[in-house]
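Right, one structure below, let's go through it.
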Amino acid sequence: MESGEFPKIKEASYLTAENATRYRIILHFFYVEHERMKDLLYPADIYKFVCSVRGMEDYTEAMLEQDLGTLVSWNNIIPRQEMKEPKSIEDYKRKRFRYQITPYTVEFERMLTELEKKGDEFGGALEKSAFIRLLKAIKGLSDPVKEAEQTPYERWQEVLHHFKQIKTNTSDYIGYLNSEKLEANMQTEAFLVYKDQFVNYLRDFVMALQQTAMKIQSALDETSSEVLEKTARSIIDHERSIPRIGGPELDERAIAEDFYATWKNIKSWFIANESGESEYTSLQRQTNEAIRRITRIIQRFGERLQQHRSRKKDYLHIAKWFDQCASLEEAHQLSATVFGLFHTQHYAVEPSETSDVYADIWEEKPTEYKIKPRVRGYREKTRPSSFVINREEKHRARQEHLNRLKELEKSLFAYVEDGKIVLSHHAFIDRNVRKVLLRWIAKAQMQEGHRVQTEFGMRVSVKVDPKRRAVIQSEDGTMELPDMTYTFEGGR
Numbered sequence: 434m435e436s437g438e439f440p441k442i443k444e445a446s447y448l449t450a451e452n453a454t455r456y457r458i459i460l461h462f463f464y465v466e467h468e469r470m471k472d473l474l475y476p477a478d479i480y481k482f483v484c485s486v487r488g489m490e491d492y493t494e495a496m497l498e499q500d501l502g503t504l505v506s507w508n509n510i511i512p513r514q515e516m517k518e519p520k521s522i523e524d525y526k527r528k529r530f531r532y533q534i535t536p537y538t539v540e541f542e543r544m545l546t547e548l549e550k551k552g553d554e555f556g557g558a559l560e561k562s563a564f565i566r567l568l569k570a571i572k573g574l575s576d577p578v579k580e581a582e583q584t585p586y587e588r589w590q591e592v593l594h595h596f597k598q599i600k601t602n603t604s605d606y607i608g609y610l611n612s613e614k615l616e617a618n619m620q621t622e623a624f625l626v627y628k629d630q631f632v633n634y635l636r637d638f639v640m641a642l643q644q645t646a647m648k649i650q651s652a653l654d655e656t657s658s659e660v661l662e663k664t665a666r667s668i669i670d671h672e673r674s675i676p677r678i679g680g681p682e683l684d685e686r687a688i689a690e691d692f693y694a695t696w697k698n699i700k701s702w703f704i705a706n707e708s709g710e711s712e713y714t715s716l717q718r719q720t721n722e723a724i725r726r727i728t729r730i731i732q733r734f735g736e737r738l739q740q741h742r743s744r745k746k747d748y749l750h751i752a753k754w755f756d757q758c759a760s761l762e763e764a765h766q767l768s769a770t771v772f773g774l775f776h777t778q779h780y781a782v783e784p785s786e787t788s789d790v791y792a793d794i795w796e797e798k799p800t801e802y803k804i805k806p807r808v809r810g811y812r813e814k815t816r817p818s819s820f821v822i823n824r825e826e827k828h829r830a831r832q833e834h835l836n837r838l839k840e841l842e843k844s845l846f847a848y849v850e851d852g853k854i855v856l857s858h859h860a861f862i863d864r865n866v867r868k869v870l871l872r873w874i875a876k877a878q879m880q881e882g883h884r885v886q887t888e889f890g891m892r893v894s895v896k897v898d899p900k901r902r903a904v905i906q907s908e909d910g911t912m913e914l915p916d917m918t919y920t921f922e923g924g925r
């Protein structure tokens with residue numbers, strides 16, 4: 434990819450030019466007529482439409498001629514000269530033209546039309562059925578029954594359509610959930626009417642997503658490389674079947690790379706990879722977070738409304754309960770039940786050792802917690818303790834290590850032939866010896882000359898033969914690796 438592939442797009446100049454309003458009115462008329470299958474327009478029809486727009490009553494034919502020339506220079510429209518005989522000298526002088534909108538401008542106007550429909554708010558939706566349709570489309574790629582009904586290209590287009598629909602709708606709706614306007618609407622009493630409907634909508638979507646996403650992940654993993662290769666070939670055949678005169682030659686490699694990249698993106702949307710978590714996981718997390726946020730807002734809003742409500746009748750009713758108490762002890766019990774405990778203290782303790790959720794607190798073992806004074810410069814007192822040197826234990830451990838090393842050395846040299854160890858010459862190698870040999874090759878690869886100083890006091894050079902394979906049997910299994918030769922270069 435080169436910087437020359439991203440030139441300045443002069444077709445977009447009409448959007449920010451000085452007379453952008455006039456240019457946009459003219460090209461919008463071209464776009465509407467193009468959508469109605471009418472591509473070639475006369476200047477008279479264009480002038481009539483522009484004058485019909487409110488605020489453009491002073492527009493003149495000279496201004497139209499100037500604007501059309503500017504749009505032609507920006508490649509927004511293409512002039513086509515009329516070949517029929519002129520009806521007047523004026524027509525002959527003007528060389529009557531009809532104009533056709535260009536593909537770039539059509540896409541610009543189509544995009545602007547869609548943006549105007551959306552407005553300043555996010556749209557989108559969380560459709561449960563969209564994931565089911567995508568699952569069927571992915572399975573349809575490998576379905577032999579559908580081969581007689583649809584080509585692989587047509588089935589791939591279904592997958593793309595449903596995936597793009599899911600991607601666009603979900604991202605737009607998540608943007609709507611995180612928008613400031615929704616946050617402001619949630620603070621009003623009108624939102625309380627829709628709160629249950631809103632939460633149920635999100636909760637149902639999460640449940641349906643959990644049920645369908647696992648099936649989509651399995652379907653993506655089970656799609657074989659043969660099916661993908663067949664689909665890529667069908668896409669190339671479809672592009673080749675479209676007749677095009679002139680222009681660049683069909684790049685089959687680029688089409689195939691684009692297909693495989695798109696398939697990889699679809700998989701990464703549902704299945705996590707080395708780049709990070711999947712978009713499905715992110716969508717599920719953001720939806721759950723939206724449910725929690727809405728629930729918290731509803732709770733706070735309800736508490737705020739409750740503060741303004743008079744509780745005079747409630748307190749009078751509770752006062753009658755206290756008046757009916759036969760003793761002070763009974764009144765204390767009622768107070769503890771209605772108002773809870775007064776002057777409660779909180780303690781920091783260790784986590785519970787039992788996993789029984791029904792266990793009572795008095796059944797737990799007590800925790801001792803040492804309180805430290807909150808005084809600046811406080812330090813814990815320390816007492817010097819004795820240090821015991823156990824020479825016998827140290828000598829015994831050292832002797833055991835040397836004995837194990839000697840046994841390992843003895844086992845290792847049992848595989849030496851003419852000062853070398855060749856892996857392919859031995860069908861069975863002891864597990865401990867195998868670990869030593871693998872450790873040597875790891876160290877040797879990091880050294881220049883592939884030499885390593887061993888723990889037995891000699892230098893060993895390691896040579897790897899990638900063309901030959903060695904199969905090693907050990908007590909814990911079989912290992913296959915490139916053949917290696919270990920040459921002992923010196924004594925202790």
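Start counting the sequence shown at 434; every next residue gets the next number (my numbering). C-beta: ideal position from N, C-alpha, C; glycine also.
> With 7 angstroms set as the bound, which would you pick, yes or no: does the beta-carbon of residue 871 sit closer than that to a beta-carbon of chain B?
Replying inline: Protein chains in the displayed structure number just one, and chain B is not present.
> Rounded to the nearest angstrom, how far is the Cβ of residue 689 from that of residue 675, given a contact under 8 angstroms?
Replying inline: With 8 angstroms as the limit, residue 689 and residue 675 do not qualify as a contact, their Cβ atoms being about 17 angstroms apart.
>> Excluding the 5 residues flanking residue 721 on each side, which residues of the same chain have their C-beta closer than 8 angstroms to its C-beta?
In response: 639
> Given residue 532, which residues of its chain have a CB within under 6 angstroms of its CB, disregarding the five upstream and five downstream residues?
Replying inline: 474, 510, 512
>> I'd like the list of long-range same chain contacts for residue 561, defined as Cβ closer than 8 angstroms, with 5 residues on each side in sequence excluded.
In response: 637, 638, 641, 642, 645
>> Suppose you measure from the CA of residue 446 to the CA of residue 514; what does that come to, to the nearest Å?
In response: 25 angstroms
> At what residue ranges does the stretch 438-481 contain a whole run of the alpha helix (DSSP H), taking only runs of 4 or more?
Replying inline: 453-468
> Candidates 635, 756, 732, 872: which alpha carbon is nearest residue 609's?
Replying inline: 635
> Hey, which unbroken runs of the beta strand (DSSP E) at 3 residues or more fall wholly within the stretch 853-924?
Replying inline: 853-855, 884-886, 892-907, 910-921
> Residue range of the beta strand (DSSP E) that residue 532 falls in?
Replying inline: 530-534
> Where are the alpha helix (DSSP H) runs, 4 residues long or more, that stay fully inside the stretch 696-778, in chain order?
Replying inline: 712-740, 745-756, 761-772
> Quick one: what's residue 499 bridged to in DSSP?
Replying inline: BP columns for residue 499 are empty, so no partner.
>> Along the chain, where does the beta strand (DSSP E) containing residue 832 start, and where does it finish?
In response: No beta strand (DSSP E) holds residue 832; the alpha helix (DSSP H) holding it covers 824-846.
> How about the stretch 833-848 and the stretch 858-865: do they share at least three Cβ pairs that are nearer than 8 angstroms?
Replying inline: yes
> Is the beta carbon of residue 916 within less than 6 angstroms of some heavy atom of the ligand HEM?
Replying inline: Among the ligands in the structure shown, none appear at all, so the ligand HEM cannot be discussed.
> Using the C-alpha atoms, what's the distance from residue 888 back to residue 842?
Replying inline: 9 angstroms
> From this set, 538, 784, 840, 777, which residue's C-alpha is nearest residue 798's C-alpha?
Replying inline: 784
> If you run the structure through DSSP and keep just helix, strand and coil, what is residue 682?
Replying inline: coil
> In the DSSP assignment, what are the bridge partners of residue 512?
Replying inline: 532
> In the structure shown, what three-state DSSP assignment does residue 797 receive?
Replying inline: coil
> Going by alpha carbons, who is nearest to residue 697 out of 585, 661, 863?
Replying inline: 661
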